[in-house]
DNA sequence: ATATAAAATTAGATAAGACTAATTTTATAA
DNA sequence: TTATAAAATTAGTCTTATCTAATTTTATAT
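Residue numbers (our numbering), protein chains in the order written: chain A, 164 to 380; chain B, 164 to 380.
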């Protein structure tokens with residue numbers, strides 16, 4: 164159906180389109196795929212010809228209904244495989260993304276649905292990202308971050324925005340995972356550092372950047 | 164590590180090398196991969212440069228120790244995924260090969276071993292082919308076919324040589340799977356057709372070609 | 001032993017998807 | 001508004017893996 168590259172572009176454009184009020188330019192796509200903008204321009208032409216995207220210099224790149232449907236399916240496969248790798252094969256949080264990047268391209272028509280069933284129809288992947296349903300519906304993603312809380316608030320870690328292994332390994336070191344309870348003890352006015360208590364334990368200080376990458380319930 | 168094509172060539176050469184006393188020529192590889200012989204000649208050069216194979220016009224193509232090791236790993240992955248697709252995801256016998264052809268190329272270093280453990284270290288795949296172990300050792304493959312039996316002999320289906328879906332669907336129709344008991348009632352001298360009884364039921368006649376593609380215990 | 005067929009090889013073409021370098025267009029700031 | 005920077009685009013190159021067509025080598029049969 165699609166080539167590997169086409170799928171990666173579709174997925175990348177979809178991910179960028181999730182960032183509200185963000186114009187999807189060739190440069191933005193190039194950065195997200197670590198490609199040269201010139202290559203992106205070529206692929207924009209190809210995907211436009213195939214009616215998977217529309218490109219308007221003013222408005223940037225936008226997925227067509229068909230392009231959107233298929234991009235969502237790729238993301239669905241990615242997130243289902245992540246659940247599989249973590250829950251069934253015992254991988255760690257920070258190892259699953261790259262493998263799922265490969266697995267998501269397996270093209271069999273019923274594979275995602277069978278895997279979904281096998282895994283018990285999970286709603287969120289191990290990073291807390293919503294797993295699109297077979298019909299294309301996407302569960303509501305989390306939007307409040309740890310940095311949005313007020314002093315004294317308590318929350319439950321629901322998802323992470325940053326999925327780099329350096330971030331995930333830091334979380335592991337701090338004993339933070341999906342479901343961990345965190346209380347915001349203090350916000351340092353100087354640089355917005357956050358003093359928190361993890362699972363009721365002694366306090367730890369983390370940066371603003373850190374807090375902005377943790378989504379909470 | 165390897166490109167998709169390189170892996171497919173390695174696997175193809177390995178499979179051909181399993182056929183005893185068979186010289187692996189460019190033409191044979193071309194047929195097995197449904198490629199043009201000219202393309203094969205190019206890839207033979209490439210794999211020779213990488214020291215994965217040796218090519219001697221007289222002796223044909225041969226895997227080097229390194230090439231063999233890696234070819235076996237690809238076959239290991241293929242067969243493990245086949246077990247997964249059949250046992251865990253509920254696919255049928257004739258659907259799993261093509262999907263495993265894609266899955267086998269997922270390159271993570273520990274994936275095969277984790278999958279192996281998750282599946283309970285199976286010795287044979289759903290077609291009865293031996294699954295190479297993590298150390299590269301390959302369990303003994305079955306070698307006696309239904310066509311080798313003498314009239315009156317009873318056997319248990321252990322594996323199939325042909326994995327085309329037309330063959331597998333025919334088997335399904337005849338209610339034959341791995342483990343099915345078959346008794347050879349008669350061999351028709353004219354064309355070596357076989358009259359057999361499947362699971363003790365009424366007799367059925369199958370062709371010599373059919374019998375040669377069923378390996379028995 | 002030689003004609004013929006089959007197999008192997010070479011030469012050159014093509015397509016996909018990436019690149020660099022040069023150019024054009026658009027945005028931004030003085 | 002105009003100079004400058006940034007972004008987008010074009011033109012042309014490269015690599016991988018395929019192909020076709022032509023040629024050379026090897027095998028086979030009379």
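Quick reminder that beta carbons are idealized off the backbone N, C-alpha and C, glycines included.
Predicted, not measured: the structure shown is a model, and the values here were computed from it.
query, result
"Taking 9 Å as the threshold (beta carbon to beta carbon), is residue 269 of chain B in contact with chain A?", "yes"
"Enumerate in chain order the residues of its own chain whose CB-to-CB distance from residue 195 of chain A is below 8 Å, with the five nearest sequence positions on each side excluded.", "175, 178 and 179"
"Determine the closest residue to residue 226 of chain B out of B:186, B:257, B:323 and B:371, with distance taken between C-alpha atoms.", "B:186"
"To the nearest angstrom, report how far apart residue 308 of chain B and residue 379 of chain B are at their CA atoms.", "6 Å"
"At least one CB of chain B closer than 9 Å to the CB of residue 165 of chain A: is that the case?", "no"
"How many whole angstroms separate the CB atoms of residue 234 of chain A and residue 274 of chain A, which I take to be in contact at a CB cut-off of 8 Å?", "Actually they do not touch by this definition, with Cβ atoms about 17 Å apart."
"Out of B:164, B:244, B:289 and B:188, state which residue places its alpha-carbon closest to the alpha-carbon of residue 213 of chain B.", "B:164"
"Is residue 190 of chain B buried or exposed, if buried means 16 or more other CB atoms sit within 10 Å of its CB?", "exposed"
"When the distance is taken between beta carbons, is residue 277 of chain B closer than 9 Å to residue 254 of chain A?", "yes"
"What residues in the segment 248 to 281 of chain A have a beta carbon less than 9 Å from any beta carbon of chain B?", "248, 251, 252, 253, 254, 258, 261, 262, 265, 266, 268, 269, 270, 271, 273, 274, 277, 278, 280 and 281"
"Assuming residue 349 of chain A is part of the beta strand (DSSP E), what are its boundary residues?", "344 to 350"
"Please report the residue range of the beta strand (DSSP E) in which residue 204 of chain B lies.", "Residue 204 of chain B -> not in any beta strand (DSSP E); alpha helix (DSSP H) instead, spanning 200 to 212."
"Quick check on residue 333 of chain A: does DSSP put it in helix, strand or coil?", "helix"
"Between which two residues does the beta strand (DSSP E) harbouring residue 218 of chain B extend?", "216 to 219"
"Where does residue 232 of chain A sit, in a helix, a strand or coil, going by DSSP?", "helix"
"In the DSSP output, what is residue 323 of chain B paired with across the bridge?", "B:377"
"Look up residue 243 of chain A in the DSSP assignment and give the residues it is bridged to.", "Answer is none; residue 243 of chain A lacks a bridge partner."
"Residue 208 of chain B: buried (16+ other C-beta within 10 angstroms of its C-beta) or exposed?", "exposed"
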